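Beneath this line is the structure, given in structure tokens, with notes to follow.
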Amino acid sequence: MKLGHRTIRLLEKSYGTLLLIYPKPFRERFSREMKLVFVAAARDAYERGGATALSMFLVRVVVDGLASSGREYFEMPQRLLALSTVLVLVFVNWLTFHDVFEPHTVRDYLTLAASILVFVHIGMDLRQRRIAAH
Numbered sequence: 007m008k009l010g011h012r013t014i015r016l017l018e019k020s021y022g023t024l025l026l027i028y029p030k031p032f033r034e035r036f037s038r039e040m041k042l043v044f045v046a047a048a049r050d051a052y053e054r055g056g057a058t059a060l061s062m063f064l065v066r067v068v069v070d071g072l073a074s075s076g077r078e079y080f081e082m083p084q085r086l087l088a089l090s091t092v093l094v095l096v097f098v099n100w101l102t103f104h105d106v107f108e109p110h111t112v113r114d115y116l117t118l119a120a121s122i123l124v125f126v127h128i129g130m131d132l133r134q135r136r137i138a139a140h
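Going by our numbering, the first residue of the sequence shown is number 7, and it counts up by one from there.
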């Protein structure tokens with residue numbers, strides 16, 4: 007048994023509404039592909055188990071949507087914090103070392119070393135996230 011065209015359109019529109027719970031940048035990047043996968047999976051669920059299987063599939067989609075959108079929003083503050091940390095440390099280091107002829111203290115060099123460690127840590131974290139995403 008196959009889903010009718012109107013039912014598929016209704017499911018797709020409903021899923022498009024559900025996607026509004028995701029952050030806008032995420033939606034702009036992934037919503038098209040997510041809709042395509044959703045429609046194919048909904049058809050498959052209906053063809054395998056009828057209306058009951060489709061209903062269970064829809065419940066799973068809503069629960070998963072709530073959980074995964076929460077994760078997306080959770081990662082946004084981490085990115086903003088990392089960016090603000092980098093900007094503040096660059097500014098502090100510029101204030102410390104902008105005059106090359108000024109004598110510098112051990113504290114100045116420790117500040118620079120700590121900043122470099124933070125930059126390395128953030129860079130490694132971003133690299134691991136990219137590797138995990140692929």
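Each residue gets a CB set at the ideal place from its N, CA and C atoms; glycine is no exception.
Remember, predicted model here, so these are calculated numbers, not experimental data.
Here residue 9 really is in contact with residue 49; their C-beta atoms are around 6 Å apart, less than 8 Å. Between residue 46 and residue 52, the C-beta spacing is not below 9 Å. Contact check between the region 100-108 and the region 79-92: fewer than three CB pairs, one atom from each, fall below 8 Å, which does not count as touching. Within the region 26-93, no run of beta strand (DSSP E) at least 3 residues long lies entirely inside it. Ranking 12, 91, 57 and 24 by CA distance to the CA of residue 124 puts 91 first. The residues 33, 37 and 40, in chain order, have a CB closer than 7 Å to that of residue 25 in the same chain once the five nearest residues on each side in sequence are set aside.
Taking C-beta atoms under 8 Å as the contact rule, residue 128 and residue 73 fail to qualify, at a distance of about 26 Å. When rounded, the separation of the alpha-carbon atoms in residue 75 and residue 69 is 10 Å. Going by beta carbons, residue 71 and residue 14 fall outside the 9 Å limit. Secondary structure within the region 90-136: not one fully enclosed alpha helix (DSSP H) run of 4 or more consecutive residues is present. Counted as a single uninterrupted DSSP element, the alpha helix (DSSP H) harbouring residue 17 occupies residues 11-24.
Taking residue 42 as reference, the option from 61, 19 and 57 with the minimal CA-CA separation is 19.
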